[in-house]
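Enquirer: Below you will find the structure I want to go over with you.
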Amino acid sequence: MRLTCSVNGVEQIIDDIWPGESLLYVLRERMGLPGAKNACEQGECGSCSVILNGVLVCACLVGAGQVEGAKIITVEGLAGEKDLHPVQQAYLDAGAVQCGFCTPGLIVATVDLLESNPNPTDSEIREALAGNLCRCTGYSKIMDAVRLAAARGNK
Amino acid sequence: MAKLPEIQNASLPTKQRDRVSAPVLGGIGESVMRPDGALKVTGDFAFSSDLWADGMLWASTLRSPHPHARIISINIAPALKINGVSAVLTHDDIPGSKLYGLEIIDQPVLAIDVIRFHGEAIAIVAADHPETAKRAAQAIEVEYEILEPVVDADFAISGKAPIIHEGGNITRHVPIRFGPQNIKADVVVTGEYEVGMQDQAPLGPESGLAIPSDDGGIDLYISTQWLHVDRAQLAMILGLPPEKVRLTLAGVGGAFGAREDLSMQAHVCLLAMRTGKPVKIVYSREESFFGHVHRHPGKLRYEHGVSKEGKILYVKANIVLDGGAYASSSPAVCANAACFAVGPYECESATIDAYVAYTNNPPCGAMRGFGAVQTAFAYESQMDKIAATLGIDPIDLRLKNAMSRNSLMPTGQRIDSAAPVAEILEKLRDMPLPPLTATTAGHDLLDLPGGASNSTHGEGVVRGIGYAVGIKNVGFSEGFDDYSTARVRLEIINGEPVVEVHTAAAEVGQGLVTLKGQIARTELGVQRVVVRMSDTQVGSSGSTSASRQSYVTGGAVMTACIAVRDEVLLYAMEKLGHLHPHLLHFRSTYKFINGEIRNGEGTLVSTLADLLKERTFECTREYRHRATTPIDPVTGQGRPHVQFAFAGHRAVVDVDIETGLIKVIEMATVQDVGKALNPQAVEGQIEGGTAQGLGLAIMEEIQVVNGKVKNPSFTDYLIPTILDMPPVRSIILEYPDEHAPYGLRGVGEPPTISSTPALVSAIRQATGLALTRIPIRPEHITLTM
């Protein structure tokens, strides 16, 4: 099957997709965008988080056919030409990155959170990121990163 | 046609290498930012599951649905008939050794005639699409004669169980007899404790890309903890000389012990060699649970003899660990369990027997804490029980018995560097406590046990506080030749001195890649450091485990840098003349700083750029920590460890005694790290290790029922989320170990050890229950209250 959609502002036309493929597979293996990660492929870990038509989703749970004509933003679409996205920079500054496998998903989820709630409480941060597993950090520095990004955004 | 970005091709490590070279400020002691951090936040960092090569095939594995069976026949014909399938291999297709193993070579690469655990690999398939490969693997017909599995470790070693491997079901027995035996005590406290099977659950699945080369060899891009031990095993299996098996570390999505054994490495290489094409394997999460070893579950039976005043007089411990179907690193885990069975306490007499058994359960091996986790739960539970029996404060009891420098281990080994156990306990006790959770109007549900499920508004909620302290060895033990290799090169590029550091050490997320640059900057006074991708083109760095890489690979980088510095100084003398007025000093007083050489008085001798010009200085050095000795097989006496690390935790919990749900309010911790080479990274290790300890205490267990794994997914195997993990309050102590580079002490494992028993202790305090099994489940609380 053929799929036409927009990813990070770029029109994509992909042929010969097997209809059983997920959006995650199409991004990673057919569009060359491996930023969304494949840690559980059943919607539990959030590593494959992308923004689909303005909604935060797990790309592993979305069928390729469901994104026909859709607008998708992945972690690769966040940084500017020269500078990182403020959320990406905050993750670096706070030391919230260790192995980095959960990082793209967490960053996309954090961008989504701060867009709707630029000044979240700790409780709101925890609730918003509860769908993103991290095995390295114990989340303390992820909390720091989100607080830092929010504080910088509110300056 | 799909657009393939530059990052997705076989030469991708080059791109990564260039990006890693971005100049970063800072030497040791500073919270230098990760050089791979920018790639990781943009999604450009190439993990082993992200690799791609032209004409690449995908592989899948057929695994046994039975824990114990005899294979009658395997029919691969139906799989080969499927369109798109290139190869189907069984054990018959292995050119070299059909068995492998880290310590004992007992595990088939692909099952030969007997299945010994649920999920054992039987056949592998390469095809043009992952789904095709998966379906082809499922199409393989295997006829089994199902056998009764041996699923209880006590039974396995009782002498009555069927033998799982030739030589018997005791993989190793480590006895320790320390001090006078069979002494009497005023008070005797016994306890029996059980630990469930924990999984490392690194987020990155097992994966890699193998590319056959023109010389008949193989290039493997892989996530692992130890490139050279993988290579040694692969060369044996593939029937190739080691130099034809070239491994490059691809991005590693966490490890925690799960990547110390081979998983898919041999499978992917076998298929690449058979098909002549690049082959990639990426495990699903379910397959990951079957494809790597786990933390040993175990039963620990303890008897403490103590005086009325609370002094430990003797400790008797019988520890039985379930090693599962194959040995993996079980022998070393067993030795650790025995050596650390008493904990960070002095005692005059110890009688310890640790066993690790073969069963038909999933194989167990390395996981963060490595044998010291299971015993810490037992001995710290005992300490609380003794305190309660004697009516002594649990902290005071621990302080009375705390080890310090010059204390003896039960192996008879003297601790010859700092052992600030008492200070750790005192600092934990003195840290401010978090306030009680508000249960009045307007409170936040997420702060209460059960959270958003709205199971309580504070009724039935009881606060508990618990303490624990732990001990663990750093580095490989028992006489192992534990070393690392580093190649360091200094040259002038565009008028600027540049250092390149090359090791084979696995960066798994912990930040060694940052540290190697910090050390090079400190030793050579050069701002720009290129840390090359780790591969087998340089000597072994040993394993990224046992909290050892900062120590051993850090030591190797330091030593190689010093060698380069010495060569540069000799060259300076030759070039500038031995009688140059600024060189008339003993060379050890020279400083390399800001790209310049200055003498002891601070006078400029030369800039590196002026001195070196076109010349390149390169040194490769090995670093070994002090030698250790084996332990006596009868008495367990010896000097098996090079360094000891100590950490303690205080846990504060709210328990809803009506539902058994637990909210961890805060984890506080104190750890001696000798020297914090990168304070932010040290905190990251402490916080992450604490979380894994929390997981073992109240969440994480692989459910194995009659040999079958029931929960191989993140839906059913729960690791802590950001809602489960409380804030961590940490105090880092820096008592330098005079024997270690920069005085450092391994950091990674200790936080995982004391976290679990502290949390269990807090839940006991809240509930008054004995709670002798971890992880604690809600029904352990509600059904016994």
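Protein sequences appear in the order of chains A and B.
Okay, so the first sequence: first residue is 1 according to this note's numbering, each after it adds one.
Okay, so the second sequence: first residue is 1 according to this note's numbering, each after it adds one.
Don't be surprised by glycine CBs; every beta carbon is placed ideally from N, CA and C.
Fair warning: this is a prediction, and the values are worked out from it, not measured in the lab.
1. Could you tell me whether the Cβ atoms of R116/B and I146/B are closer together than 8 Å?
2. When you compare the CB positions of C5/A and V67/A, do they come within less than 8 Å of one another, or not?
3. Mind checking the segment 51-80 of chain A against chain B and listing, in chain order, the residues whose C-beta falls within less than 8 Å of any C-beta there?
4. Go through its chain and collect everything with a Cβ distance to M56/B's Cβ below 8 Å, but skip five positions before and after it.
5. As an exercise, report each continuous beta strand (DSSP E) stretch of at least 3 residues that is fully enclosed by the segment 64-109 of chain B, in chain order.
6. What are the boundary residues of the alpha helix (DSSP H) that S123/A is part of?
7. So which of Q518/B, V664/B, C347/B and A572/B has the shortest CA-CA distance to P434/B?
8. Over the uninterrupted beta strand (DSSP E) stretch that includes K663/B, give me the two end residues.
9. From I211/B, V88/B, E243/B and G159/B, pick the residue whose C-alpha is nearest to that of A126/B; which is it?
10. Between R429/B, L227/B, E192/B and L408/B, which has its C-alpha nearest P394/B's C-alpha?
11. Rounded to whole angstroms, what's the CA-CA distance from E598/B to Y590/B? Just pull it up for me.
12. Within this structure, are the beta carbons of T439/B and H457/B separated by less than 8 Å?
13. For my contact list, A109/A and G46/A are in at a C-beta cut-off of 8 Å; report their separation, rounded to the angstrom.
14. So which residues of chain A does P149/B contact, with C-beta pairs closer than 9 Å?
15. For H641/B, list the residues DSSP reports as bridge partners.
16. Taking DSSP as the reference, what is the three-state secondary structure of H292/B?
17. Consider the Cβ of L723/B: report whether some Cβ of chain A lies at a distance smaller than 8 Å.
18. So the candidates are V705/B, T772/B and P130/B; which of them puts its Cα closest to the Cα of H66/B?
19. Please work out which residues of its chain come closer than 8 Å, Cβ to Cβ, to I142/A, disregarding the five sequence neighbours upstream and downstream, and give them in chain order.
20. Given that V728/B touches chain A, what residues does it touch there, using C-beta distances under 7 Å?
21. Measuring only the C-alpha atoms, how far is D416/B from C48/A?
22. So, under 8 Å CB-CB, I28/B and T628/B are touching, yes? Tell me the CB distance rounded to an integer number of Å.
23. Give me the chain A residues within the contact set of I719/B, using Cβ-Cβ distance strictly less than 8 Å, ordered along the chain.
24. Whole angstroms is fine: what's the gap from A69/B's alpha carbon to Y144/B's?
25. Would Y283/B and S207/B qualify as a contact pair, given that the criterion is a beta-carbon distance under 8 Å?
26. Could you check how far apart the C-beta atoms of H118/B and V709/B are, in whole angstroms? I think they sit under 8 Å.
27. What residues in the segment 32-52 of chain A have a beta carbon less than 8 Å from any beta carbon of chain B?
28. Taking the alpha-carbon positions, what's the A645/B to V670/B distance?
29. Consider the Cβ of R773/B: report whether some Cβ of chain A lies at a distance smaller than 8 Å.
30. Less than 8 Å between the C-beta atoms of I657/B and G460/B, yes or no?
31. For G305/B versus A185/B, is the C-beta distance shorter than 8 Å?
32. Which same chain residues end up closer than 6 Å to D128/B when comparing Cβ atoms and leaving out the 5 residues on each side of it in sequence?
33. Got a sec, what are the start and stop residues for the beta strand (DSSP E) H304/B sits in?
34. Tell me which residues of the segment 7-22 of chain A have at least one Cβ-Cβ distance to chain B shorter than 7 Å, keeping chain order.
35. Any beta carbon from chain A within less than 8 Å of G509/B's own beta carbon?
36. Could you tell me which uninterrupted beta strand (DSSP E) segments, each at least 3 residues in length, are contained entirely in the segment 241-289 of chain B, listed from first to last along the chain?
Expert: On the basis of the data shown:
1. no
2. yes
3. T74, V75, E76, L78 and A79
4. L209, K277, P278, V279 and K280
5. 69-75 and 85-89
6. D122 to A128
7. V664/B
8. L661 to D672
9. V88/B
10. R429/B
11. It should be pointed out that residue 598/B corresponds to Arg in this sequence rather than to Glu. So the alpha carbons of these two residues sit roughly 6 Å apart.
12. yes
13. 6 Å
14. In chain order: nothing, as chain A lies at least about 28 Å away.
15. Note: H641/B sits in no beta bridge, so no partner.
16. coil
17. yes
18. V705/B
19. Y91, A94, A96, L106, L129 and C134
20. G138 and S140
21. 48 Å
22. At roughly 26 Å, the Cβ-Cβ gap does not stay under 8 Å, so I28/B and T628/B are not in contact.
23. L133 and R135
24. 6 Å
25. yes
26. 6 Å
27. G32, L33, P34, G35, A36, K37, N38, A39, C40, E41, Q42, E44, C45 and S47
28. 12 Å
29. no
30. yes
31. yes
32. G84
33. G298 to V306
34. I14, W18 and G20
35. yes
36. 245-249 and 279-282
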